[in-house]
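Inspection log for the structure reproduced underneath, given as structure tokens.
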Amino acid sequence: MNSRSNMFQILRHEDKIKKKSKQIKEDQEKKEKGKENEKKEVANFSFDVS
Numbered sequence: 001m002n003s004r005s006n007m008f009q010i011l012r013h014e015d016k017i018k019k020k021s022k023q024i025k026e027d028q029e030k031k032e033k034g035k036e037n038e039k040k041e042v043a044n045f046s047f048d049v050s
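In structure tokens:
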């Protein structure tokens with residue numbers, strides 16, 4: 001019985017780790033997209049010198 005509860009505890013812990021890693025990965029992707037948008041804005045920015 002004790003080993004069974006340990007197994008479920010390990011599985012729950014594993015699920016928490018998977019969720020956390022997925023969240024971190026999504027946050028990194030959002031940051032990358034934000035950086036790409038900044039680069040596009042800078043590339044489109046120009047000076048009108050006349």
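Heads up: the sequence shown at position 47 corresponds to 47 in the UniProt record's numbering, and the numbers run straight through without jumps. Note that beta-carbon positions come from the ideal geometry of N, C-alpha and C, so glycine has one too. Being a predicted model, the structure only gives us computed values, none of them experimental.
- Taking C-alpha positions only, ASP27 is separated from LYS16 by approximately 17 Å.
- In this model, ASN2 and GLU14 are separated by some 18 Å (Cα to Cα).
- Taking C-beta separations shorter than 7 Å and ignoring five residues to either side along the sequence, LYS33 has no partners in its chain.
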